[in-house]
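The structure under discussion appears below in the form of structure tokens.
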Amino acid sequence: MDIKISIDTALAYHRDGKLLKAVEIYLELLKTDKSNHRILSLLGAANIQLGNVDKGICYLKKSIEVNSNYAAAHINLGNGFKNINSHKDALNCYNKALHLEPNNPDVYCNKGVVLFQLKEFSKALESYNKAIEIDNKHFLSYSNKGILLKDLGNFDEALECYNNSIKVNPKNVLAYISKGDLFLELKRYEDALKSYKNAIQIDENQNYLLGKYIRCSMFLCNWENFFPIAQKINYLIKKNLKVVDPFTYISLIDSPEISKLCAKIYSQDRISNIPLGKKGSLKKSSKLKIGYFSGDFNNHAVMHLIMDVFKNHDKSKFEIFGFSYRPDKDDHWTEKVKKYFDGFNDVKEYSDIEIANLSKKIGIDIAVDLTGFTKSSRLGVFAYRAAPIQINYLGYPGTLGVEFFDYIIADEIIIPKKNSNFFSEKVLYLPNCYQANVSSKQVSEKIITKSEFNLPDDKFIFACFNNNYKITPYIFNSWMNILKRVPKSILWLLKPNESSILNLKKEAIKKKVNPERIIFASSLPNDEHLNRLRLADLFLDTFPYNSHTTASDIVRMGVPIVTLIGNSFASRVCASILTTLKLPELITNNITDYENLAVELALKEKKITKFRQMVKDASKKSELFDSVNFTKNLESIYLNL
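Just so you know, this note's numbering puts the end of the sequence shown at 654, numbered straight through with nothing missing.
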């Protein structure tokens with residue numbers, strides 16, 4: 014066999030992504046030349062690309078034993094270590110490669126990626142700049158530099174890097190996706206959608222691209238092809254493909270079964286290179302140490318709910334510790350909550366393993382993740398095992414799809430026992446609504462009128478103040494049906510971006526509803542926002558992602574809410590709240606009943622007046638806002654564990 018021809022053949026397969034065929038040829042070649050360092054290196058690289066990282070590393074080490082001056086082997090070995098998060102080993106390999114090939118931009122680029130993961134940002138930036146200095150057309154270095162600058166908050170410079178990358182390589186799909194991510198964070202939704210569309214035109218099969226596209230579309234209330242895309246997402250998840258993040262999925266489709274699969278795919282992708290930590294056992298001590306982990310110890314919906322739990326914990330039985338990892342978001346809420354903890358740790362600059370190790374050093378018995386798959390998610394912390402017992406609670410309404418979360422806290426409305434198999438965690442049941450709440454909230458005492466908010470005095474006011482990404486075409490169509498059946502009514506929504514306002518009005522026209530009947534409310538400080546909620550006559554819930562914090566705010570202010578209960582966690586929260594309030598009459602099981610109940614309450618003045626009084630009375634005496642008793646019930650769960 015001609016070795017040159019065979020290697021070239023194998024390399025052709027390798028470059029075309031036909032890795033198994035390439036490996037087959039490499040192994041055949043090794044039979045006749047066991048000490049060929051180049052073949053050993055290529056075989057190692059191919060195995061790493063196939064996900065056989067440990068095997069790949071073995072071949073690469075053999076290659077280096079044969080010829081320690083072969084730079085490609087050091088590079089490929091560095092890539093292998095990078096894939097399993099052995100960052101220091103990866104850096105060592107890249108430095109050896111640079112000693113042999115000091116002007117290799119690819120190595121500087123990869124080194125920058127590792128330094129970025131180690132949070133050595135200035136060194137990472139220096140490495141990317143060095144790659145660009147060597148090769149000013151190194152588009153990957155521009156892209157990676159942009160990602161780093163975005164994380165540092167240098168958005169203009171990041172955008173310039175993405176544009177430079179695209180200028181060099183107009184087919185660089187990752188640059189378009191990163192550019193879209195940047196615009197999405199800046200709430201420049203139209204620009205984000207355009208970037209995602211460009212990426213789809215290049216390669217629609219990029220991981221999570223379709224999910225990003227539809228999430229951006231939901232922020233714009235741009236429902237073009239919503240139903241075909243949602244069906245495609247379901248189909249691709251069933252094929253175990255990385256198509257959408259779980260948080261986006263639960264706002265689109267009511268399916269706990271596929272939601273679990275989506276979570277499993279997403280989680281495994283994020284922690285695939287992490288060696289899972291051992292569970293360990295609880296140590297005997299006079300007090301249980303509870304760790305609350307969150308990126309939202311600030312003016313955030315989760316903090317608005319759970320603040321009293323921290324305040325009410327029985328310090329004779331528990332020590333509580335906070336682990337905060339949301340950058341640049343500290344505010345007066347942060348300062349307020351700190352005083353309730355026995356220890357509050359600002360760990361935003363820590364790596365996942367460093368946070369987990371700090372938790373172990375403190376001796377945390379139970380780690381409670383309040384973030385899940387929301388924006389500040391740090392799933393890796395728990396993969397490394399921050400505590401012997403790990404609980405998923407409150408921040409994300411659904412399963413995390415991994416075995417290293419032992420439990421999820423819920424109630425029997427949120428997760429009926431028949432649905433428990435749709436959760437990778439074991440379910441811990443609270444006796445009432447799973448949702449923590451503060452006993453009281455500051456509400457502005459300012460006397461307000463409808464005219465101040467452009468609301469008519471002689472119309473029935475339907476309202477929904479949920480985030481606009483929760484408004485699906487399915488539920489909006491129902492709202493339009495309700496407005497048509499109640500002519501003297503308006504729909505009061507929280508003001509989104511200008512593009513979505515225009516799109517919602519266009520949709521209203523399509524449904525033959527005067528768009529002027531939709532009135533938008535600007536953002537206000539929370540105490541003033543709560544005050545104005547009283548002006549609504551009836552709140553219309555979203556589906557499949559219900560009102561959560563907003564629902565408890567609405568009933569606190571004495572306004573009835575009509576909800577449609579579904580099958581998934583996110584679609585059952587409002588029903589749980591209403592059940593705890595002993596108002597099951599406001600829970601509907603299908604869209605027809607939802608519309609009929611809303612219309613009936615709007616047209617029968619005595620009935621809506623009765624329900625307003627019932628909600629006011631219930632909210633005053635309900636378990637929902639008894640934060641002391643709620644904390645005791647939660648502590649009972651902890652102690653039983």
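A virtual CB, placed ideally from N, CA and C, is assigned to each residue, including glycine. Since this is a predicted model, take the numbers as computed values, not measurements.
{"query": "Alpha helix (DSSP H) segments (min. 4 residues) lying fully within the segment 104 to 128", "result": "none"}
{"query": "Segment limits, alpha helix (DSSP H) that includes residue 244", "result": "239 to 251"}
{"query": "Whether residue 382 touches residue 306 by CB criterion (8 Å)", "result": "yes"}
{"query": "Check whether residue 482 and residue 201 have beta carbons under 8 Å apart", "result": "no"}
{"query": "contact_flag[the segment 577 to 588, the segment 634 to 642] where n(CB pairs < 8 Å) is 3 or more", "result": "no"}
{"query": "For residue 441 and residue 30, the rounded distance between their alpha carbons", "result": "46 Å"}
{"query": "Cβ-based neighbour list, residue 239, same chain, cut-off 6 Å, excluding 5 preceding and 5 following", "result": "486"}
{"query": "Three or more C-beta pairs below 8 Å linking the segment 296 to 315 and the segment 425 to 438", "result": "no"}
{"query": "Residue 676, buried or exposed, once every other Cβ within 10 Å from all chains shown has been counted against 16", "result": "Look at the range of the chain in this structure, 14 to 654, and you will see that residue 676 is not part of it."}
{"query": "Element boundaries [alpha helix (DSSP H), containing residue 180]", "result": "168 to 181"}
{"query": "Rounded C-alpha distance that separates residue 327 from residue 452", "result": "17 Å"}
{"query": "Pick from 196, 184, 259 that is closest to residue 221, judged by C-alpha positions", "result": "259"}
{"query": "DSSP state of residue 224 mapped onto helix, strand, coil", "result": "helix"}
{"query": "Backbone CA spacing between residue 262 and residue 114 [nearest angstrom]", "result": "46 Å"}
{"query": "Three-state secondary structure assigned by DSSP to residue 86", "result": "helix"}
{"query": "Three-state secondary structure assigned by DSSP to residue 533", "result": "strand"}
{"query": "Neighbourhood of residue 14 by C-beta distance below 8 Å, restricted to the same chain and skipping five residues each side", "result": "With a pLDDT of only 49 at residue 14, under the threshold of 50, the placement of this residue in the model should not be trusted; the figure read from the coordinates follows. Closer than 8 Å at Cβ, skipping near neighbours: 41, 42, 45."}
{"query": "Cα-Cα separation, residue 492 to residue 567", "result": "18 Å"}
{"query": "Inter-residue Cα distance where the pair is residue 499 and residue 574", "result": "17 Å"}
{"query": "For residue 160 and residue 188, the rounded distance between their alpha carbons", "result": "9 Å"}
{"query": "Reduced DSSP secondary structure (H/G/I, E/B, other) of residue 32", "result": "helix"}
{"query": "Beta strand (DSSP E) segment containing residue 62, residue limits", "result": "Element bounds for residue 62: not the beta strand (DSSP E) but the alpha helix (DSSP H), 50 to 63."}
{"query": "Three-state class that DSSP yields for residue 359 in the structure shown", "result": "strand"}
{"query": "Residue 393 - partner residues in DSSP beta bridges", "result": "None, per the DSSP bridge assignment."}
{"query": "Cβ-heavy atom distance, residue 245 to the ligand ZN, below 7 Å", "result": "No copy of the ligand ZN occurs in the structure displayed, which carries no ligand at all."}
{"query": "Of the listed residues 80, 379, 593, nearest to residue 651 (C-alpha basis)", "result": "379"}
{"query": "Spatial neighbours of residue 312 in its chain, beta-carbon cut-off 7 Å, leaving aside the 5 residues before and after", "result": "344, 346"}
{"query": "8 Å Cβ cutoff, residue 641 in contact with chain B", "result": "Of the protein chains in the structure, only one exists, and it is not chain B."}
{"query": "Local conformation of residue 415 per DSSP, three classes", "result": "coil"}
{"query": "Closest residue to residue 251 among 406, 271, 47 (Cα-Cα distance)", "result": "271"}
{"query": "Status (buried if at least 16 other CB within 10 Å, exposed otherwise) for residue 309", "result": "buried"}
{"query": "Rounded Cβ spacing between residue 303 and residue 331 (contact assumed at less than 8 Å)", "result": "6 Å"}
{"query": "Chain-order list of residues whose beta-carbon lies under 6 Å from that of residue 68 (same chain, five-residue window excluded)", "result": "60"}
{"query": "Option in 435, 277, 460 with minimal Cα separation from residue 267", "result": "435"}
{"query": "Simplified DSSP assignment, three categories, for residue 97", "result": "coil"}
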